[in-house]
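One structure is given here, and the rest of the page talks about it.
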Amino acid sequence: MKLGFGFYAHMLNDEHYRFARQCGATHAVVHLVDYFHQGSGHTDSDSQPVGGRGGWGVAGANRHLWSYESLVSIRDAMAAHGLTFEAIENFDPADWHDVLLDGPLKTEQIERLKQIVRDVGRAGIRTIGYNFSIAGVAGRIIGDFARGAAPSVGMDGVDDTPIPNGMVWNMVYNQSAPAGVLPEITHDELWKRLEFFLSELLPVAEQAGVRLAAHPDDPPAERVRRQPRLVYQHDMYQRLIDLNPSPSNALEFCLGTLMEMPAGDIYQTIERYVTQNRVAYIHFRNIVGKAPHYREVFLDEGDLDMARVVGLLKRLRYDGVVIPDHTPQMSCAAPWHAGMAFAMGYMSALNKTVHANQ
Ligand SMILES: [Mn+2]
1 MKLGFGFYAH MLNDEHYRFA RQCGATHAVV HLVDYFHQGS GHTDSDSQPV GGRGGWGVAG
61 ANRHLWSYES LVSIRDAMAA HGLTFEAIEN FDPADWHDVL LDGPLKTEQI ERLKQIVRDV
121 GRAGIRTIGY NFSIAGVAGR IIGDFARGAA PSVGMDGVDD TPIPNGMVWN MVYNQSAPAG
181 VLPEITHDEL WKRLEFFLSE LLPVAEQAGV RLAAHPDDPP AERVRRQPRL VYQHDMYQRL
241 IDLNPSPSNA LEFCLGTLME MPAGDIYQTI ERYVTQNRVA YIHFRNIVGK APHYREVFLD
301 EGDLDMARVV GLLKRLRYDG VVIPDHTPQM SCAAPWHAGM AFAMGYMSAL NKTVHANQ
C-alpha cells in the first residue's frame with residue numbers, strides 16, 4: 001500500500017504539503033469542493049464538515065479550481081514536495097445537482113462532468129472519488145466520543161427530516177429555491193440515475209485514463225432524510241460494479257463506513273473487492289458500534305483490527321493508496337493536525353511492520 005494524505009481545499013499550500021510529507025505521505029487525495037462556504041455552525045474549518053439540517057454550506061465556491069490549468073498547477077506544487085496528486089474526492093454539487101435529482105440541467109451537467117474527467121486525465125490524475133447520494137453525509141452528531149474525550153463524530157438514530165428544495169448532497173445549490181421539500185423517490189429510481197451517470201461518464205473516463213471511485217453511503221441506512229441510499233450494505237458495492245463492466249468503474253473503499261454497516265464480514269469484503277481489482281483507494285478509519293449507533297474513534301481503539309487489515313492488503317498485493325479518513329481531534333493548539341499525525345504515524349508503522357514480517 002502507498003501512504004496518502006487527504007487535503008481539504010483550503011489546505012492546498014506549501015505548509016500542508018510539507019506537513020503531509022513529514023507524516024510519511026507520498027500521495028495526495030484532494031477535496032476541491034469548499035464544504036464550508038457560507039455555512040453555519042462551523043467553528044473549526046480544519047475539521048471534517050458536520051452541519052445541521054441546513055447542510056454544510058453553499059455549493060460552487062471553488063469551481064475555478066477545476067480547470068485543467070489549475071489542476072496542473074496544484075499537481076506541480078505538490079510534486080515539488082514529493083507528493084503525487086493521486087485523486088480528487090467528490091464532485092461539487094453545483095456541477096451535478098440535476099444529475100442526482102434528475103432535473104432539467106442533467107444533460108448540460110453531464111457534459112460538464114465529462115469535461116472535468118478529460119481535464120483530470122490530461123493532468124495525470126488517475127482517480128475521481130464520488131458519492132452518488134441525495135442526502136449525502138447527513139445526520140451525524142458530534143461529541144467527546146474517542147479516547148481521552150477526544151472530539152469526534154457519530155450517529156445516534158436516522159435523521160428523517162425532509163430535505164428542503166435547493167439542497168442536495170448536504171449542500172445548498174440554489175439559495176432562492178421555492179419553499180418546499182424534495183419529493184421522495186424509490187431505490188430503483190436512484191439506481192437508474194446512477195446507471196445513467198455511469199453509462200455516460202465511464203467511456204470518457206476510460207479514454208482519459210481515469211477511474212471513477214464510489215464512496216459508500218455514510219452513514220449507512222436504507223433512507224436518510226427520507227431519500228433512498230444505494231450502498232448501505234457490503235453486497236451493494238457488487239451491484240454497483242455489476243451495473244457497468246468498465247475497468248474505470250471503481251470503488252472509494254471506506255473502511256469506516258463499511259464497518260458502520262450492521263451485517264457482513266469486513267475482512268471477506270476487503271478480499272472480495274480487492275481481488276476484483278475494483279478498489280481505487282482506501283479510507284482508513286476505525287469506529288465503535290454499528291449504524292444507527294456508532295462513534296468514530298482513534299485507529300487503535302475501534303472494532304476494526306487495523307493490523308489485520310494491513311496484513312490482508314499485503315497478502316492481496318494491494319498497491320493502491322490508503323489515506324486516513326476523518327480522525328478524532330486532539331487537545332492542543334492544532335487539534336486536526338495532531339489527530340492526522342497520530343493516524344499517519346500509526347499507519348506508517350503498521351505498513352513497515354507488515355513488510356518486515358513477510
Ligand atoms: Mn470515508
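Under my numbering, the first residue of the sequence shown carries the number 1, and numbering increases by one thereafter. Quick reminder that beta carbons are idealized off the backbone N, C-alpha and C, glycines included.
{"Check": "Let's test the definition: count the other Cβ atoms within 10 Å of the Cβ of V181 and tell me whether it reaches 16, buried, or not, exposed.", "Outcome": "exposed"}
{"Check": "Using a 10 Å radius around the Cβ and a threshold of 16 neighbouring Cβ atoms, would you call K192 buried or exposed?", "Outcome": "exposed"}
{"Check": "Of the residues V137, Q115 and V309, which one's Cα is nearest the Cα of I128?", "Outcome": "Q115"}
{"Check": "Excluding the 5 residues flanking T269 on each side, which residues of the same chain have their C-beta closer than 7 Å to its C-beta?", "Outcome": "H234 and L258"}
{"Check": "Could you say which of N249, M167, R223 and A214 lies nearest to V204 if we only look at CA atoms?", "Outcome": "N249"}
{"Check": "When you compare only the Cα positions, how much space is there between A263 and R272?", "Outcome": "15 Å"}
{"Check": "Less than 8 Å between the CB atoms is what I'm expecting for G136 and V210, so what's the real figure, rounded?", "Outcome": "Their Cβ separation, rounded to whole angstroms, is 22 Å, which puts G136 and V210 out of contact at 8 Å."}
{"Check": "Excluding five sequence neighbours on each side, which residues of the same chain lie with their C-beta closer than 6 Å to the C-beta of L72?", "Outcome": "It should be pointed out that residue 72 corresponds to Val in this sequence rather than to Leu. Once the five neighbours on either side are set aside, the close Cβ partners of V72 are A123."}
{"Check": "Can you give me the C-alpha to C-alpha distance between V99 and T353, rounded to a whole angstrom?", "Outcome": "44 Å"}
{"Check": "Could you tell me if the beta carbon of D303 falls within a distance shorter than 6 Å of some heavy atom in ligand 1?", "Outcome": "no"}
{"Check": "Using a Cβ-Cβ cut-off of 6 Å (strictly less than) and excluding sequence neighbours within five positions of A59, which residues of its own chain qualify?", "Outcome": "D92, P93, A94, M171 and Y173"}
{"Check": "Buried or exposed: which applies to I125, given that a residue is buried once 16 or more other Cβ atoms fall within 10 Å of its Cβ?", "Outcome": "buried"}
{"Check": "With a threshold of 8 Å, are at least 3 pairs of Cβ atoms found where one atom belongs to the stretch 67-86 and the other to the stretch 133-150?", "Outcome": "no"}
{"Check": "With a cut-off of 8 Å, do at least 3 Cβ pairs link the stretch 216-227 to the stretch 288-297?", "Outcome": "yes"}
{"Check": "Looking at H31 and ligand 1, is the gap between the Cβ and the nearest heavy atom below 6 Å?", "Outcome": "no"}
{"Check": "Can you tell me which of the three DSSP states S70 falls into?", "Outcome": "helix"}
{"Check": "For L3, report the span of its beta strand (DSSP E) as first-last.", "Outcome": "K2 to F7"}
{"Check": "At which residues does the alpha helix (DSSP H) containing I110 begin and terminate?", "Outcome": "K106 to R122"}
{"Check": "Going residue by residue through the stretch 217-251, where are the continuous alpha helix (DSSP H) segments of at least 4 residues, counting only ones entirely within it?", "Outcome": "236-243"}
{"Check": "Once you ignore the five residues that flank T43 on each side, which residues in its own chain have a CB closer than 6 Å to its CB?", "Outcome": "Low local confidence applies: a pLDDT of 48 at T43 is under 50, so the model's placement there is unreliable, with the coordinate-based value given in what follows. There are no such residues."}
{"Check": "So, under 8 Å CB-CB, G4 and V29 are touching, yes? Tell me the CB distance rounded to an integer number of Å.", "Outcome": "6 Å"}
{"Check": "By DSSP, does S348 sit in helix, in strand, or in coil?", "Outcome": "helix"}
{"Check": "If you draw a straight line from the C-alpha of G139 to the C-alpha of N277, how long is it?", "Outcome": "32 Å"}
{"Check": "Leaving out five residues on either side along the sequence, give the residues of the same chain with a beta carbon under 6 Å from the beta carbon of N286.", "Outcome": "V297, L299, G302 and L304"}
{"Check": "Considering just the uninterrupted stretch of the alpha helix (DSSP H) at E195, what are its terminal residues?", "Outcome": "H187 to A208"}
{"Check": "Using C-beta distances below 7 Å, list every residue in its chain close to L251, excluding the 5 sequence neighbours before and after it, in chain order.", "Outcome": "A213, A214, Y237, Y273, R278, V279 and A280"}
{"Check": "Identify whether M330 lies in helix, strand or coil by the three-state DSSP scheme.", "Outcome": "coil"}
{"Check": "Beta carbon of R295, beta carbon of G157: below 7 Å?", "Outcome": "no"}
{"Check": "Go to F298, then tell me how far its beta strand (DSSP E) extends in each direction, as first and last residue.", "Outcome": "From DSSP, F298 is part of no beta strand (DSSP E); its letter is neither H nor E."}
{"Check": "With burial defined as no fewer than 16 other Cβ atoms inside 10 Å of the residue's Cβ, what is the status of C332: buried or exposed?", "Outcome": "exposed"}
{"Check": "Determine contact between the stretch 329-347 and the stretch 19-27, defined as no fewer than three beta-carbon pairs at a distance below 8 Å.", "Outcome": "yes"}
{"Check": "Can you find the residues in the same chain that come closer than 8 Å, C-beta to C-beta, to A208, ignoring five residues on each side of it along the sequence?", "Outcome": "V117, R118, V120, G121 and R122"}
{"Check": "So is A80 buried or exposed if we call it buried at 16+ other beta carbons inside 10 Å?", "Outcome": "exposed"}
{"Check": "Return the residue from the list P324, D319, R317 and G320 that minimises the CA-CA distance to M306.", "Outcome": "P324"}
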